[in-house]
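Participant:
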Amino acid sequence: MNFTEIKYERKDAIAYISLNRPAKLNALTEVMLKEWKNLLQELEQDESCRIVIVKGEGKAWSAGVDLSVFQRTKVEPGYQMWLDGVAIMDALERMPQVTIAMVNGYTFTGALEIMMAFDLVVAADEAKLGDTHSKWGIQPTWGMTQRLMQQVGKRKAKELSFTAEAISGTEAARIGLANKSVPLVDLQTTVDELTAKILGNSGQTIALLKDLYQYGSTHSITEGLAYEANYEFVNTDKVDTLKNFKKEI
2 MNFTEIKYER KDAIAYISLN RPAKLNALTE VMLKEWKNLL QELEQDESCR
52 IVIVKGEGKA WSAGVDLSVF QRTKVEPGYQ MWLDGVAIMD ALERMPQVTI
102 AMVNGYTFTG ALEIMMAFDL VVAADEAKLG DTHSKWGIQP TWGMTQRLMQ
152 QVGKRKAKEL SFTAEAISGT EAARIGLANK SVPLVDLQTT VDELTAKILG
202 NSGQTIALLK DLYQYGSTHS ITEGLAYEAN YEFVNTDKVD TLKNFKKEI
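Counted the way my numbering counts, the sequence shown spans residues 2 to 250.
Structure, rendered in structure tokens:
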């Protein structure tokens with residue numbers, strides 16, 4: 002698969018995707034979203050892939066939708082670029098692999114909406130994140146108001162959206178928008194340490210847990226409890242470990 006606006010690298014069970022328009026702060030275009038969507042949908046079917054990490058080239062993760070896009074097309078329900086963005090977020094939340102956003106720099110608006118669909122977010126302290134819909138007079142349609150409110154609380158979400166002010170990676174971690182933040186020079190090492198911990202555990206169980214958490218985030222607690230209790234699950238990748246655990250008991 003050939004790419005022009007993203008990069009793809011594979012290291013054993015980890016897939017690395019790099020948003021690759023550094024001169025434009027990795028601003029989202031029709032081409033980038035299509036390439037990103039197609040790759041995620043392919044990786045979703047790859048049983049040898051356990052983790053998908055998305056990072057940005059240069060000094061941004063992504064500055065959001067390239068404003069020039071609005072001059073030639075529409076990024077609203079029913080249009081292809083909107084559909085591709087939704088498909089990316091659906092894949093990130095649905096795929097059995099753990100998805101990690103490695104946020105190195107600027108992350109605004111449409112990119113922030115996509116970032117919130119990742120399982121885990123590790124940000125650089127120096128990163129700047131923000132919702133600028135109100136600054137530009139743009140209607141959010143990729144889930145900004147719903148995911149942001151769910152992740153940081155309603156009042157904080159309103160503050161971020163109403164002011165359009167950027168926050169640091171440090172603040173993003175403090176309010177729950179990121180799992181953690183570290184100095185930029187330590188970002189890669191921190192993500193490597195995180196992936197090592199994940200890879201040491203049952204991939205099948207993690208896929209199960211991901212599905213349970215995702216279901217619970219969009220349903221009532223009563224529905225979520227029933228879904229968990231009635232889930233049919235067969236684990237084969239940690240059977241020996243479980244047998245040894247039982248013997249030790």
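Virtual Cβ for every residue (Gly too), placed ideally from N, Cα, C. Because the structure is a prediction, the values reported are computed rather than measured.
(1) Does F234 pass the burial test, meaning 16 or more other C-beta atoms within 10 Å, or should it be called exposed?
(2) Do you know offhand how far L185's Cα is from A227's?
(3) Under 6 Å Cβ to Cβ from P141, same chain only, skipping five residues before and after it: list those, please.
(4) Please return the same chain residues whose Cβ sits closer than 6 Å to the Cβ of V192, not counting the five positions on each side in sequence.
(5) Taking the C-alpha atoms as reference points, what is the distance between E127 and G106?
(6) Do V87 and I52 have their CB atoms nearer than 8 Å?
(7) Pairs of beta-carbons, one from the stretch 157-174 and one from the stretch 57-73, closer than 8 Å: are there three or more?
(8) Going along the chain, which unbroken runs of the beta strand (DSSP E) with 3 or more residues stay wholly within the stretch 148-197?
(9) Just the Cα atoms here: how many angstroms apart are I222 and E229?
(10) Compute the distance between the beta-carbons of S182 and A125, then report whether it is under 8 Å.
(11) Thinking just about the alpha-carbon of each residue, which of N21, I15, A16 is nearest to the one in K8?
(12) Since C50 and A16 are thought to touch, with beta carbons under 8 Å apart, how far apart are those beta carbons, to the nearest angstrom?
(13) Is the beta carbon of F109 less than 8 Å from the beta carbon of G131?
(14) I'd like to confirm the pairing. Which residues does DSSP put opposite I15 in its beta bridges?
(15) Given a cut-off of 8 Å on the beta-carbon distance, is the pair F101 and I54 in contact?
(16) Report the three-state DSSP secondary structure of T5 (helix, strand or coil).
(17) If you draw a straight line from the C-alpha of L200 to the C-alpha of D13, how long is it?
(18) Measuring alpha carbon to alpha carbon, tell me which residue in R11, Y232, K56 is nearest L44.
(19) Would the beta-carbon of G79 fall within 8 Å of that of G111?
Facilitator: With the structure as the only source:
(1) exposed
(2) 42 Å
(3) H134
(4) M103, V123
(5) 7 Å
(6) no
(7) no
(8) 181-183
(9) 10 Å
(10) yes
(11) N21
(12) 5 Å
(13) yes
(14) K12, I52
(15) Note that residue 101 is Ile in the sequence shown here, rather than Phe. Taking 8 Å as the Cβ cut-off, I101 and I54 qualify as a contacting pair.
(16) coil
(17) 11 Å
(18) R11
(19) no
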